[in-house]
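See structure below.
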Amino acid sequence: MDQIVIRGGQRLKGRIPISGAKNAALTLLPCALLTDEPLTLRNLPRLADVDGFGHLLNQLGCSTTIEGSRPEDFGRVMTARATTLTSTVAPYDIVRKMRASILVLGPLLARAGEATVSLPGGCAIGNRPIDLHLKALEALGAEIELASGYVKASAPGGRLTGGKFTFPVVSVGATENAVMAAVLAKGTCVLENAAREPEIVDLCNCLAAMGAEIDGIGTETLTIEGVDRLHGATYRVMADRIEAGSYACAAVITEGDVELVGAKADEMEATLAALREAGATVEETKAGIRVAMSGRAQPVTLSTAPYPGFATDMQAQFMAMATLGTGASLFTETIFENRYMHVPELARMGCDIQVKGRTAIVRGVDRLVGAPVMATDLRASMSLIIAGLAAEGETQVNRVYHLDRGYERLEEKLQAVGADIERVSAG
Ligand code: UD1
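In my numbering, the protein residues as written are 11 to 437.
As structure tokens, this is what we get:
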């Protein structure tokens with residue numbers, strides 16, 4: 011199994027290209043199921059999860075072709091075409107490896123009037139139920155049965171009718187499934203307390219380019235007028251705000267100066283505010299965002315919340331950054347119940363972090379020392395990389411397949427800005 015080996019202490023300096031957003035890609039790909047015409051997605055990141063989603067689409071009868079990109083280019087162009095669907099089943103073996111597979115439920119139901127999708131089960135960062143996905147679809151006219159670990163959904167008469175649903179808790183995935191189901195319904199769908207993440211705006215814009223009628227994009231109330239059919243489109247995946255924020259934390263902890271090329275400030279304001287709170291210089295440039303730091307980070311107080319709040323997907327990286335801060339930082343995780351798994355690993359490098367329930371206090375220490383550590387989930391893994399970049403000596407990060415799910419060419423991007431980092435095959 012591969013390891014990433016980092017010899018810390020290098021100041022990051024230079025430009026880092028930001029890839030297409032993983033979480034946007036994973037909700038744009040299933041849109042291909044909604045039409046018999048081709049959907050071409052540009053700027054798709056090269057990631058294990060994106061490849062996995064491509065395979066799932068193939069299993070459903072949707073062809074995928076990747077064109078025009080050389081291996082040395084960042085981003086890819088994929089054309090997905092579901093002329094006819096040959097299956098409406100997302101099997102256990104695929105869904106268990108990639109939770110986002112649940113996002114085929116809404117589009118399959120909308121296009122074929124039925125879908126059978128394995129229940130995803132728990133995952134490393136918590137229980138992660140899908141009850142809201144199902145309730146929202148029921149409100150739009152679906153009938154849902156749970157049997158043998160599968161969700162079996164059908165639209166009586168072959169087509170959803172529309173309806174109104176108010177999400178009791180903001181859910182990104184449930185909003186995405188509901189939106190994708192609603193666009194081909196026979197009537198109007200109103201989704202209240204919908205998630206407003208930029209990835210949802212990206213989804214709605216792509217669907218609009220395919221002919222969907224969606225009102226209130228970017229707000230918590232989405233009104234969707236169902237149409238009889240959607241057509242193909244070409245759409246560019248937004249920049250990955252979480253990847254950009256992760257490299258910003260790496261720049262701060264190494265007292266570096268980086269330009270995040272392609273990042274969009276208006277999609278990551280809470281992250282940028284937190285970087286400023288830590289004392290970083292943050293400025294918009296023509297090409298993206300510059301983040302520079304001199305001296306140690308000041309303490310931060312951060313509580314995760316749905317967008318536009320501070321993203322749960324940024325919590326671990328900021329915590330790593332705060333470990334070398336000048337005082338005590340306070341973190342509160344309100345979205346997922348088990349999202350501090352990086353803490354014991356960071357402790358192996360000499361951090362001082364105390365967790366109590368949903369809060370964590372990080373007391374800045376003077377130095378971190380490299381150690382063998384284990385990645386547990388995607389963002390937790392990135393926090394170990396960030397700490398390793400500033401630690402004395404060598405850090406070996408194991409189980410790097412987690413990183414490959416969400417960071418395109420991590421080592422290459424960091425090497426290019428001066429990090430001493432490499433991937434080694436540990437046999
Ligand atoms: C998405 C992102 C993930 C991010 C998360 C929160 C993708 C592929 N993943 O995950 O990176 O961390 O948003 O920003 O885009 N919940 C329920 N019932 C449901 C659905 C969710 O109780 O049916 C709860 C969850 O347990 C969690 C909260 O709602 O506590 C938010 O989860 P949700 O926004 O749905 O996260 P995901 O869409 O799974």
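We treat Cβ as the ideally placed atom computed from N, Cα and C, and that holds for glycine. Every value quoted in this text rests on a predicted model; they were computed, and no experiment measured them.
Residue i in three-state terms, based on DSSP
i    : result
R389 : helix
K145 : helix
Q13  : strand
C361 : coil
F84  : coil
V127 : strand
E294 : strand
Y411 : helix
M303 : coil
T98  : coil
F346 : coil
A338 : strand
L232 : strand
Residue i - containing beta strand (DSSP E), residue span
i    : result
N408 : E404 to N408
H53  : Note that residue 53 is Asn in the sequence shown, not His. L49 to L54 is the span of the beta strand (DSSP E), which, as asked, contains N53.
A110 : Note, A110: premise wrong, no beta strand (DSSP E); not H, not E.
L312 : T311 to S313
Supposed contact pair residue j and residue i - C-beta distance, whole angstroms, cut 8 Å
i    : j    : result
I28  : I431 : Not confirmed; about 18 Å, so no contact.
T94  : G116 : About 19 Å; that fails the 8 Å criterion.
I234 : I227 : Actually they do not touch by this definition, with Cβ atoms about 10 Å apart.
E287 : V271 : E287 to V271, Cβ: 24 Å. No contact.
V325 : T314 : Residue identity check: residue 325 is Gln in the sequence provided, not Val. The pair is a contact, with the Cβ atoms about 5 Å apart (cut-off 8 Å).
A390 : M351 : 5 Å
A110 : M248 : Contact doesn't hold; Cβ gap of about 16 Å is too wide.
A429 : L22  : 6 Å
C199 : A205 : Rounded, the Cβ-Cβ distance is 15 Å, inconsistent with contact.
L38  : L51  : 6 Å
R358 : T322 : With a Cβ gap of about 23 Å, R358 and T322 do not count as contacting.
L35  : L66  : According to the sequence displayed, residue 35 carries Ala and not Leu. Actually they are not in contact, since the Cβ atoms of A35 and L66 sit about 13 Å apart, beyond 8 Å.
DSSP bridge partner residues for residue i (one or two, in chain order)
i    : result
K366 : T369
A249 : G30
I76  : M88
A222 : Beta-bridge pairing links A222 to no other residue.
K174 : V200
K23  : D267
V237 : According to DSSP, which records beta bridges pairwise, V237 is partnered with nothing at all.
Y160 : S128 and A157
P382 : Q406
I227 : I227 is not bridged to any residue.
E432 : V15
A243 : L49
F328 : In DSSP, F328 forms no bridge with anything.
Start and end residues, alpha helix (DSSP H) containing residue i
i    : result
N187 : V182 to A192
C214 : P208 to A219
E287 : E279 to E287
F63  : A58 to Q69
E421 : L420 to Q425
Neighbour-count burial assignment, residue i, 16 or more Cβ in a 10 Å radius
i    : result
L285 : buried
S339 : buried
L170 : buried
L156 : exposed
S97  : exposed
E422 : exposed
M11  : exposed
R239 : exposed
D212 : buried
E186 : buried
H143 : buried
R251 : buried
N215 : buried
S435 : exposed
G236 : buried
H412 : buried
R300 : buried
V427 : buried
S181 : buried
I10  : The structure shown does not extend to residue 10, since the chain is modelled only from 11 to 437, so the question has no answer here.
T333 : buried
R86  : buried
T74  : buried
Below-7 Å beta-carbon distance, residue i vs any chain D residue
i    : result
M303 : In summary, chain D is missing from the structure at hand, where a single protein chain is found.
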